[in-house]
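Asker: Below is a structure I'd like to ask you about.
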Amino acid sequence: MPDVLASRPLRRSGLRVEHGRECHVLRDQAGSLALALNESALALWELCDGETTEEEMVAAVSEACKIPASQAARDVSEALERFTSLGLVDWQQPVGREASQ
Amino acid sequence: MVACGEPLLREALVGSLSVCADTEVVAAPGRPEMVVAEAAIRRPEVVVVCGGEAQWDETALCGQLKDLDHPARVLVVGPPGDDAALLAAMRAGADGYVGSDESVEDLVDALHRVRRGEAPIPPGMLGTLLRSLIEARREDDEAVRRFSALSAREQEVLALVVAGCDRREIGRRLYLSPHTARTHIQNILVKLGVHSQLEASTFVLNHGLLERFGSEPGANTKEAGDARRLG
Numbered sequence: 270m271p272d273v274l275a276s277r278p279l280r281r282s283g284l285r286v287e288h289g290r291e292c293h294v295l296r297d298q299a300g301s302l303a304l305a306l307n308e309s310a311l312a313l314w315e316l317c318d319g320e321t322t323e324e325e326m327v328a329a330v331s332e333a334c335k336i337p338a339s340q341a342a343r344d345v346s347e348a349l350e351r352f353t354s355l356g357l358v359d360w361q362q363p364v365g366r367e368a369s370q
Numbered sequence: 062m063v064a065c066g067e068p069l070l071r072e073a074l075v076g077s078l079s080v081c082a083d084t085e086v087v088a089a090p091g092r093p094e095m096v097v098a099e100a101a102i103r104r105p106e107v108v109v110v111c112g113g114e115a116q117w118d119e120t121a122l123c124g125q126l127k128d129l130d131h132p133a134r135v136l137v138v139g140p141p142g143d144d145a146a147l148l149a150a151m152r153a154g155a156d157g158y159v160g161s162d163e164s165v166e167d168l169v170d171a172l173h174r175v176r177r178g179e180a181p182i183p184p185g186m187l188g189t190l191l192r193s194l195i196e197a198r199r200e201d202d203e204a205v206r207r208f209s210a211l212s213a214r215e216q217e218v219l220a221l222v223v224a225g226c227d228r229r230e231i232g233r234r235l236y237l238s239p240h241t242a243r244t245h246i247q248n249i250l251v252k253l254g255v256h257s258q259l260e261a262s263t264f265v266l267n268h269g270l271l272e273r274f275g276s277e278p279g280a281n282t283k284e285a286g287d288a289r290r291l292g
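Rendered as structure tokens:
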């Protein structure tokens with residue numbers, strides 16, 4: 270079974286973010302998607318680069334937002350599950366030495 | 062408490078915050094050395110730190126305020142859009158950050174959020190902060206990995222290098238010949254991936270490696286051994 274925390278979400282191509290003052294909107298090329306992102310969701314979306322693990326996101330959110338790791342884990346997981354369920358990210362598994370650690 | 066180096070700005074902040082409901086300004090020190098002393102005495106719920114043009118070291122102040130027996134929450138007013146200043150403040154323990162270009166309303170809102178235990182970050186800066194924290198953690202992990210590759214003896218030698226000892230002094234303290242001490246130092250530089258003793262010292266200090274690994278300079282030196290025998 271893959272280690273979920275060591276997996277790395279990667280944004281699918283063809284998606285772009287329109288930045289507004291109050292919120293940001295994630296759109297696809299076909300115009301069929303318009304997902305509103307708040308500051309936290311946008312920050313996590315930008316971290317979906319195929320290199321950053323969910324575990325790293327949780328640690329950073331916990332430190333930056335001064336919240337317990339358990340709460341950060343819930344928040345990050347919810348956001349990533351939403352991205353995944355909408356088909357916005359692919360998951361990269363660790364390879365080579367990292368995979369065996 | 063409002064800690065601000067600029068008299069005019071300090072008075073404006075005090076005036077603005079004093080009229081807010083549920084907010085009382087208990088002190089407004091104008092010099093950095095007074096901030097920690099006032100905070101220790103008055104135990105404010107939140108300290109708003111705003112060096113202004115006086116160029117205070119907000120990071121050092123955050124650390125000192127967090128080291129108090131009754132640490133206050135700290136809200137830093139810093140340069141707008143300055144990712145490095147934001148990262149430094151948050152890593153030093155700040156509970157929130159407001160850009161100096163934001164309105165008094167924004168500052169009051171951030172103050173209330175800090176009091177509620179939230180961590181206000183200026184709009185658009187959270188992503189960069191998270192990225193910076195992740196990068197910093199990766200660098201720390203890599204530093205720990207390299208330091209862990211040193212033998213116990215090499216860690217002792219490195220601690221003495223950081224303490225400023227030359228190879229003769231290191232040899233004397235660890236019962237080594239200067240030649241052996243030099244060999245250890247060369248191996249250390251290779252394993253740490255640095256090119257000089259100065260770079261090695263900076264690497265160790267920047268990542269707090271001696272504190273993490275409990276490698277105190279001189280722990281197993283000739284003097285320490287003599288002291289143990291005498292004790």
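From first to last, the protein sequence lines are chains A and B. Using my numbering, the first residue of the first sequence is number 270, and each one after it goes up by one. Using my numbering, the first residue of the second sequence is number 62, and each one after it goes up by one. Glycine is no exception: its CB is placed at the ideal position from the N, C-alpha and C atoms. Treat the numbers as computed from the prediction; the structure is a model and nothing was measured.
1) Just to check my reading of the structure: M62/B and P105/B have Cβ atoms closer than 8 Å, yes? What is that Cβ distance to the nearest angstrom?
2) In the DSSP assignment, what are the bridge partners of H288/A?
3) For a contact meaning CB atoms closer than 7 Å, what does M151/B contact in chain A?
4) Inspect the CB distances between the region 173 to 192 of chain B and the region 134 to 143 of chain B and report whether three or more fall short of 8 Å.
5) Can you check DSSP and say which residues form a bridge with G232/B?
6) At a CB-CB cut-off below 7 Å, which residues of chain A make contact with P105/B?
7) Going along chain A, which residues have a C-beta under 7 Å from L190/B?
8) Hey, which unbroken runs of the beta strand (DSSP E) at 3 residues or more fall wholly within the region 140 to 194 of chain B?
9) Distance cutoff 9 Å, beta carbons only. Does L311/A sit that close to anything in chain B?
10) Residues of chain B with CB under 7 Å from V330/A, in chain order?
11) What is the C-beta distance between R103/B and V87/B, in whole angstroms, given that I count them as a contact (C-beta under 8 Å)?
12) Suppose contacts are defined by Cβ-Cβ distances below 9 Å. Is L253/B in contact with A242/B by that definition?
13) So, L148/B versus A312/A, is the Cβ gap smaller than 9 Å?
14) Candidates A197/B, A204/B, L74/B and A64/B: which alpha carbon is nearest D167/B's?
15) With a 10 Å radius around its C-beta and 16 neighbouring C-beta atoms as the bar for buried, classify L129/B as buried or exposed.
16) Quick check: the region 189 to 202 of chain B against the region 221 to 240 of chain B, are at least 3 beta-carbon pairs closer than 8 Å?
17) Check the Cβ of E347/A against every Cβ in chain B and list those closer than 9 Å, keeping chain order.
18) Find the residues of chain A that neighbour R198/B, judging by a C-beta separation of less than 8 Å, and give them in chain order.
Answerer: With the given structure in hand:
1) 4 Å
2) H293/A
3) A333
4) yes
5) DSSP, once it has assigned bridges, lists no residue as partnering G232/B.
6) Within chain A, no residue comes near P105/B; the closest Cβ sits about 18 Å away, beyond 7 Å.
7) A333
8) 157 to 160
9) yes
10) L191
11) 5 Å
12) no
13) no
14) L74/B
15) exposed
16) no
17) The premise fails here: E347/A is roughly 16 Å from chain B at the closest Cβ pair, so nothing lies under 9 Å.
18) E325, A328 and A329
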